[in-house]
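Undergrad: Numbering-wise, the sequence shown is residues 112 to 421 according to this note's numbering.
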Amino acid sequence: MERGAWCNCFGSGMGAISSALAGCLDGPGHVVCVAHAYGPTRTYLQHLKRFGVETTYVSGVATADIVGAIRDDTKILYLESPTSGYFECPEIVPLVEAAQKRQIRTIFDNSWATPYFFTPLDLGVDLVVHSATKYLNGHSDVVAGVAVGRDLGLRDRVLKEAELGGATLDPFAAWLMIRGLRTLAVRMEHHQAVGLAAARMLAEHSKVARVIHPGLPSHPQHEIARRQLRGSSSLFSFTLLEQTSEATHRFLNRLKLFAQGVSWGGHESLAIGGTFFASDPTRKEWLIRLHVGLESVEDILADLRQALED
Ligand SMILES: *Cc1c(COP(=O)(O)O)cnc(C)c1O
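1. Quickly, what does DSSP pair R361 with across the bridge? List them, please.
2. Would you list, in sequence order, the uninterrupted beta strand (DSSP E) runs of no fewer than 3 residues that lie entirely inside the region 171-246?
3. Under a Cβ-count criterion, where at least 16 other Cβ atoms within 10 Å of its own Cβ denotes burial, should G264 be classed as buried or exposed?
4. Tell me which residues share the same chain as T152 and place their Cβ nearer than 6 Å to its Cβ, disregarding the 5 neighbours each side in the sequence.
5. Which residues share a DSSP beta bridge with H402?
6. Closer than 7 Å by C-beta to A146: which residues in its own chain qualify, once you throw out the five before and the five after it? Chain order, please.
7. List the whole-angstrom C-beta distance separating S222 from G124, where the pair is believed to meet the contact cut-off of C-beta under 8 Å.
8. Looking at ligand 1, does it come within less than 6 Å of Y246, judged from the CB to the closest heavy atom?
9. What are the boundary residues of the alpha helix (DSSP H) that A320 is part of?
10. How far does the beta strand (DSSP E) with H141 in it extend, from its first residue to its last?
11. Where does G126 fall in DSSP's three states?
12. Identify whether T351 lies in helix, strand or coil by the three-state DSSP scheme.
13. If you measure from each residue's Cβ to the nearest non-hydrogen atom of ligand 1, which ones come out under 7 Å, in chain order?
14. Give a yes or no on whether the C-beta atoms belonging to A210 and L188 are separated by under 7 Å.
15. Less than 7 Å between the C-beta atoms of V269 and S356, yes or no?
16. Could you tell me the alpha carbon to alpha carbon distance between Q157 and E165, rounded to whole angstroms?
17. Considering G256, what are the terminal residues of the beta strand (DSSP E) in which it resides?
18. Quick check on DSSP: helix, strand or coil for E315?
19. Can you look up Y149 in the DSSP assignment and give me helix, strand or coil?
20. Tell me which residue opens and which closes the beta strand (DSSP E) that V468 is part of.
21. Taking S251 and G377 to be in contact with their CB atoms under 8 Å, please state how far apart those CB atoms are, rounded to whole angstroms.
22. Which residues share a DSSP beta bridge with C422?
23. Measuring alpha carbon to alpha carbon, tell me which of E315, M312, L352, E300 ends up nearest P226.
24. To the nearest angstrom, report how far apart F369 and P205 are at their CA atoms.
25. Sort S329, R298, V297, G138 by Cα distance to R311 and report the nearest one.
26. Check A370 in the structure and name its three-state DSSP category.
27. Nearest-angstrom Cα distance between L247 and L398?
28. Considering only the alpha carbon of each residue, which of D183, I181, E202 lies closest to V172?
29. Whole-angstrom Cβ separation of A148 and T185, contact assumed at under 8 Å?
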């Protein structure tokens, strides 16, 4: 599906990510990472600091900002597009070109788009990683990860990290994941439709300040997302006009169809809210992140509307 030469499954998305990062390093070195990469990925990179691995987190999404962070000792360019929480969309092709020129490995977390909407290996990325816990499995009953690559030498190194680190996938979880993958295409089409319908409704609602969804023309990198991706999934964020803990939790607690939970990509709709999404802790913005599930569009819109009522 990702059009790679090899693939390996892991016991979790973090198992795939930590094995991919360690497999691309052979000692101290430098990593360039987008600032709003998945939180535990950033924490893992911080953890590697004790082994002499230094990371620069780039808050801008412009190519010049990210390429400008590359140093002589940079070994890895770690990317998400859209990023976690804030859904910024850096442009992949010029970043991959800059990395290849300097023999820097690129790792791309494709959990958001899935191979149904994006295949980054086609653009020259070295390694694609996934939290298969999310859309690939799709039923909120498995924790799993995937890494896909082209270079067979890199496969041996990533596999060794997984085996020695114990990040192997158990057979029953693998069986469940195969079952989930069979419906990926139909699930992603439904997620796309209901996700966009929810985002458009919220964008027009009088209580909503801002909707952050790469599929909306109001998104700052909408043009990049449109060119880069074949479609959009159903995980996005928005902010209320009233930026308070009370207003955020009132909304979350009034939801009936949406459960409150941190994971996403499964059949059911989930919501979480907080100020913890921003990489800059001084940015006190109350963000609400929605994962729109496989329920009917009428039920989803009705639940969001009633939760926003006075
Ligand atoms: C959840 C998530 C992960 C980690 O996956 P686990 O399977 O929970 O370890 C990695 N990347 C992104 C973007 C995620 O949302």
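Here a beta-carbon is modelled for each residue, glycine too, at the ideal position from N, C-alpha and C.
TA: With the structure as the only source:
1. DSSP output for R361 lists no bridge partner at all.
2. Note on the region 171-246: whole beta strand (DSSP E) runs with a minimum of 3 residues are 185-190, 216-220, 238-242, in chain order.
3. Only exposed fits G264, as fewer than 16 other CB atoms lie within 10 angstroms of its CB.
4. So the qualifying residues of the chain are I128.
5. According to DSSP, H402 bridges with L346, L381.
6. The beta carbon of A146 lies closer than 7 Å to those of Y168, V169, S170, S390 in the same chain, with the five residues before and after it left out.
7. Rounded, the Cβ-Cβ distance is 7 Å, consistent with contact.
8. With a cut-off of 6 Å, the C-beta of Y246 is classified as distant from ligand 1, since no heavy atom of the ligand falls inside that distance.
9. Run containing A320: none in the alpha helix (DSSP H); it sits in the beta strand (DSSP E), 319-323.
10. Going by DSSP, H141 is part of the beta strand (DSSP E) stretching over 140-145.
11. In the displayed model, G126 falls within a helix according to three-state DSSP.
12. Looking at the sequence shown, residue 351 is not Thr but Leu. Residue state, collapsed to three classes: strand.
13. Proximity annotation: ligand 1 has residues S123, G124, M125, G126, I128, Y149, P151, T152, E191, S195, D220, S222, W223, S242, A243, T244, K245, V254, A255, G256, S374, W375 in chain order, each selected because its CB is closer than 7 Å to a heavy atom of the ligand.
14. In contact: A210 and L188 (Cβ atoms closer than 7 Å).
15. Cβ atoms of V269 and S356: not closer than 7 Å.
16. Q157 and E165 have their C-alpha atoms some 8 Å from each other.
17. Counting along the chain, the beta strand (DSSP E) containing G256 begins and ends at 256-260.
18. Coil at E315, not helix or strand.
19. The answer is coil: DSSP assigns Y149 none of H, G, I, E or B.
20. Outside the displayed range of the chain (112 to 421) lies residue 468, so it cannot be described from this structure.
21. Distance from S251 to G377 at the Cβ level is roughly 3 Å; contact confirmed, criterion being Cβ atoms closer than 8 Å.
22. Look at the range of the chain in this structure, 112 to 421, and you will see that residue 422 is not part of it.
23. The shortest Cα separation from P226 among E315, M312, L352, E300 belongs to E300.
24. Each residue's alpha carbon lies about 39 Å from the other.
25. In terms of Cα proximity to R311, the closest of S329, R298, V297, G138 is S329.
26. Assignment of A370 by DSSP, reduced to helix, strand and coil, places it in the strand class.
27. Each residue's alpha carbon lies about 25 Å from the other.
28. The shortest C-alpha separation from V172 is found at E202.
29. Actually they do not touch by this definition, with Cβ atoms about 16 Å apart.
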